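Protein chains in written order, with numbering that gives the first Met the number 0: chain W, 0 to 193; chain Z, 0 to 242.
See structure below.
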Amino acid sequence: MARAKRVVVIDHRFLIRAGLENLMSELREVELVKTFEGNETRLSEKVLAKKPDLVIVNPHATSQGFVNLLNNIDSETFVIGLVSNDADVSIISHFRQTIFQNSNKSELQKVFRKVLGTTGENHKKNGILSDREITVLKYVVKGYTNRQIADELFLSIHTIMTHRKNIIRKLGINTVSGLTVYALMNKLVIIPKQ
Amino acid sequence: MLIEKEMLMAEVVYHDHNLIPIIGRFGIRMGYDDESIEELCNKHRVNIDFFLTILNVFHDSEYFPQKQMQMFPVGMLVSYLKKAHKDYLEDEIPEIKNLIGSMISECHIDKSTYLLFLNFFDEYKLELENHIYREETKVYPYVVALEKALQTGKADEATMQQMNTYPIAEYEREHENVEEKLNDLKNLMIKYLPTVDDDRLCFRILRELFALEKELNEHARIEDLILVPKVMAMEIAIKNREK
Chain W
0 MARAKRVVVI
10 DHRFLIRAGL
20 ENLMSELREV
30 ELVKTFEGNE
40 TRLSEKVLAK
50 KPDLVIVNPH
60 ATSQGFVNLL
70 NNIDSETFVI
80 GLVSNDADVS
90 IISHFRQTIF
100 QNSNKSELQK
110 VFRKVLGTTG
120 ENHKKNGILS
130 DREITVLKYV
140 VKGYTNRQIA
150 DELFLSIHTI
160 MTHRKNIIRK
170 LGINTVSGLT
180 VYALMNKLVI
190 IPKQ
Chain Z
0 MLIEKEMLMA
10 EVVYHDHNLI
20 PIIGRFGIRM
30 GYDDESIEEL
40 CNKHRVNIDF
50 FLTILNVFHD
60 SEYFPQKQMQ
70 MFPVGMLVSY
80 LKKAHKDYLE
90 DEIPEIKNLI
100 GSMISECHID
110 KSTYLLFLNF
120 FDEYKLELEN
130 HIYREETKVY
140 PYVVALEKAL
150 QTGKADEATM
160 QQMNTYPIAE
170 YEREHENVEE
180 KLNDLKNLMI
190 KYLPTVDDDR
200 LCFRILRELF
210 ALEKELNEHA
220 RIEDLILVPK
230 VMAMEIAIKN
240 REK
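The following block contains the structure:
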């Protein structure tokens with residue numbers, strides 16, 4: 000399984016930091032590694048030390064120089080500006096991507112998913128399937144036979160059957176179509192666009 | 000409680016109101032007055048023993064119909080089962096579907112999850128329809144033909160062929176998948192469907208699903224406990240005679 004995407008948030012308001020932290024906890028394979036208020040000394044060093052994949056920064060919480068620095072550091076790090084709804088184009092134009100303070104939850108999630116390339120919400124909220132079981136479930140939903148899944152994962156067919164039994168027992172869902180609905184609901188798989 | 004013919008119908012319904020639709024399938028509608036089961040059955044030309052057997056199977060899941068209960072003409076059994084099918088397909092399933100539709104139209108967040116749920120329900124509905132269609136076009140005519148063959152002493156080609164290739168024991172295995180899907184529907188709703196604005200609506204859907212599940216289970220028990228043994232006995236009788 001891929002390493003969790005690392006996120007850093009810089010905003011001077013506690014409520015905003017807490018809100019983003021909450022939102023990130025619902026995303027799969029995403030970890031909010033650190034929040035900053037924006038006025039810390041040697042902020043850029045501290046941020047870079049976290050090797051973030053994504054930095055969400057409120058430009059009003061910190062200096063313009065810092066924002067410019069962020070944008071120039073490293074192409075691997077994505078920077079999102081958290082701006083007010085009536086923010087001036089001159090501010091928005093500093094960022095490849097912005098989110099607004101009155102964005103609703105699904106808009107925010109959409110942006111994060113796009114930027115981080117994750118597939119969905121944190122299944123761990125439901126908390127019960129192991130990573131391996133989720134992998135098997137994804138194949139089951141795609142219509143793979145036990146044999147095919149075993150070949151894909153280099154496991155014995157017996158192991159796959161055990162995983163399937165455990166999935167059914169844990170979820171209480173028996174049919175493949177039921178499992179498909181579960182997987183789609185939890186964004187474990189996505190419906191391909193027509 | 001064992002339901003007996005001396006009991007007042009109203010009393011039976013006080014004990015178990017879930018029986019109302021089943022009683023209705025025999026043409027006995029509410030407004031039972033102070034009449035006993037026997038009186039009402041006579042009035043509506045309903046076979047009392049058969050009526051009591053069906054009611055008791057539904058009322059008490061431990062109830063096991065006695066051997067002589069398999070003596071009913073299969074036509075009677077089949078016509079009851081068909082009425083029940085009609086209720087499922089024409090009333091109960093569309094009602095649940097309507098409720099799910101209302102739930103979706105009243106939800107103000109992302110509807111896609113609920114549409115998936117509706118989709119799954121449609122899949123279940125189709126499977127139930129197919130199952131019922133097969134029973135009514137393949138199994139029941141076969142059962143009636145068997146009885147006729149026993150009575151007349153002549154079994155036609157088609158009946159004999161079905162008896163040899165697809166005896167009644169075969170078809171019983173097919174109930175399973177339909178039951179599993181219904182169970183999954185309930186579980187998805189209880190455990191995994193995101194919270195909706197209208198709890199009462201959700202509760203109603205769930206109540207209907209539970210009621211449908213109970214009905215279908217009892218329906219299957221009637222088939223398993225009365226129809227199947229009876230048909231198996233007829234199959235053996237015909238085989239013995241052909242020898």
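Virtual Cβ for every residue (Gly too), placed ideally from N, Cα, C.
Keep in mind it's a predicted model, so treat the numbers as computed, not measured.
Report task. Would you mind telling me which residues of chain W sit closer than 8 Å to leucine 187 (chain Z), beta carbon to beta carbon, in chain order? Result -> The contacting residues are Ile172, Gly177, Val180, Tyr181, Met184.
**Report entry** Closest Cα partner of glycine 152 (chain Z) within the set Z:Phe49, Z:Met233, Z:Arg28
**Finding:** Glycine 152 (chain Z) has its Cα closest to that of Z:Met233, out of Z:Phe49, Z:Met233, Z:Arg28.
Report task. Measure from the alpha carbon of asparagine 41 (chain Z) to the alpha carbon of each residue in Z:Glu179, Z:Ile95, Z:Gly26, then state which is nearest. Result -> Among Z:Glu179, Z:Ile95, Z:Gly26, the Cα nearest to that of asparagine 41 (chain Z) is on Z:Gly26.
Requested in this report: Run the CB neighbour count on glutamine 108 (chain W), radius 10 Å, all protein chains shown included, and call it buried at 16 or more, exposed below.
Outcome: The residue in question, glutamine 108 (chain W), is buried, as its Cβ has 16 or more Cβ neighbours within 10 Å.
Query raised in the report: Can a CB atom of chain Z be found closer than 9 Å to the CB of serine 129 (chain W)?
Result: Between serine 129 (chain W) and chain Z, the shortest Cβ-Cβ separation is not below 9 Å.
Requested in this report: State the DSSP-derived secondary structure class of lysine 151 (chain Z), mapped to helix, strand or coil.
Outcome: Contrary to the premise, residue 151 (chain Z) reads as threonine rather than lysine in this sequence. Helix at threonine 151 (chain Z).
Report task. For the region 110 to 141 of chain Z, enumerate the residues whose C-beta is nearer than 7 Å to any C-beta of chain W, in chain order. Result -> The region 110 to 141 of chain Z vs chain W, Cβ under 7 Å: Thr112, Leu115, Phe116, Phe119, Glu122.
Query raised in the report: Distance, Cα to Cα, glutamine 96 (chain W) vs threonine 144 (chain W)?
Result: When rounded, the separation of the alpha-carbon atoms in glutamine 96 (chain W) and threonine 144 (chain W) is 42 Å.
Query raised in the report: Per DSSP, which one or two residues make a beta bridge with glutamine 194 (chain W)?
Result: As shown, chain W starts at 0 and ends at 193. That puts residue 194 (chain W) outside it, with no answer to give.
Requested in this report: Mind checking which residues open and close the beta strand (DSSP E) that includes glutamate 30 (chain W)?
Outcome: Here the beta strand (DSSP E) through glutamate 30 (chain W) covers 29 to 35.
**Report entry** Min CB distance proline 166 (chain Z) to chain W below 9 Å
**Finding:** Closer than 9 Å to the CB of proline 166 (chain Z) there is not a single CB belonging to chain W.
Query raised in the report: Could you give the residue range of the alpha helix (DSSP H) that holds leucine 19 (chain W)?
Result: Unbroken alpha helix (DSSP H) run through leucine 19 (chain W): 13 to 24.
Query raised in the report: Helix, strand or coil: which one does DSSP assign to glutamine 161 (chain Z)?
Result: If DSSP states are grouped into helix, strand and coil, glutamine 161 (chain Z) belongs with the helices.
Query raised in the report: Quick one: what does DSSP say valine 143 (chain Z) is sitting in, helix, strand or coil?
Result: In the structure shown, valine 143 (chain Z) sits in a helix (DSSP, three-state: H, G or I).
Query raised in the report: Roughly how far, in whole angstroms, is the beta-carbon of leucine 42 (chain W) from the beta-carbon of phenylalanine 77 (chain W), given that I think they are within contact range, below 8 Å?
Result: Incorrect: roughly 18 Å between the Cβ atoms, too far for contact.
Requested in this report: Please go through the same chain and pick out, in chain order, the residues whose beta-carbon is closer than 7 Å to the beta-carbon of proline 193 (chain Z), but skip the five residues on each side of it.
Outcome: Sequence-distant partners of proline 193 (chain Z) (beyond 5 residues in either direction) whose C-beta falls short of 7 Å from its own C-beta, in its chain, are Thr112.
Report task. Determine the chain Z residues that contact serine 105 (chain W) at a beta-carbon separation under 7 Å, and present them in chain order. Result -> Asp109, listed in chain order.
Query raised in the report: Nearest to glutamate 156 (chain Z) by CA position, among Z:Ile189, Z:Ser60, Z:Gln150, Z:Tyr141, is which residue?
Result: The option with the nearest alpha carbon to glutamate 156 (chain Z) is Z:Tyr141.
Query raised in the report: So which residues of chain W does aspartate 197 (chain Z) contact, with C-beta pairs closer than 8 Å?
Result: Simply none; closest approach about 19 Å.
Report task. Check whether the Cβ atoms of tyrosine 191 (chain Z) and leucine 170 (chain W) lie closer than 9 Å to each other. Result -> For tyrosine 191 (chain Z) and leucine 170 (chain W), yes; Cβs fall inside 9 Å.
Requested in this report: Using 10 angstroms around the beta-carbon of lysine 229 (chain Z), count the other beta-carbons present and answer buried if the total reaches 16, otherwise exposed.
Outcome: Buried is the call here.
Query raised in the report: Just the Cα atoms here: how many angstroms apart are histidine 84 (chain Z) and arginine 203 (chain Z)?
Result: Using only the alpha carbons, I get a separation of about 22 Å.
Query raised in the report: So what does DSSP say about serine 83 (chain W), is it helix, strand or coil?
Result: Three-state DSSP puts serine 83 (chain W) in coil, outside helix and strand.
Requested in this report: Output yes if chain W places a C-beta closer than 9 Å to the C-beta of aspartate 15 (chain Z); else output no.
Outcome: Contact with chain W is absent for aspartate 15 (chain Z), since none of that chain's Cβ atoms lies less than 9 Å from the residue's Cβ.
Report task. Using three-state DSSP, classify glutamine 147 (chain W) as helix, strand or coil. Result -> Glutamine 147 (chain W) falls in the helix class under three-state DSSP.
Query raised in the report: Closest Cβ-Cβ distance between leucine 184 (chain Z) and chain W: below 9 Å?
Result: Residue-level contact by beta carbon holds for leucine 184 (chain Z) and chain W, with a gap shorter than 9 Å.
Query raised in the report: What three-state label does DSSP hand valine 188 (chain W) in the structure shown?
Result: In the structure shown, valine 188 (chain W) adopts coil according to DSSP, grouped into three states.
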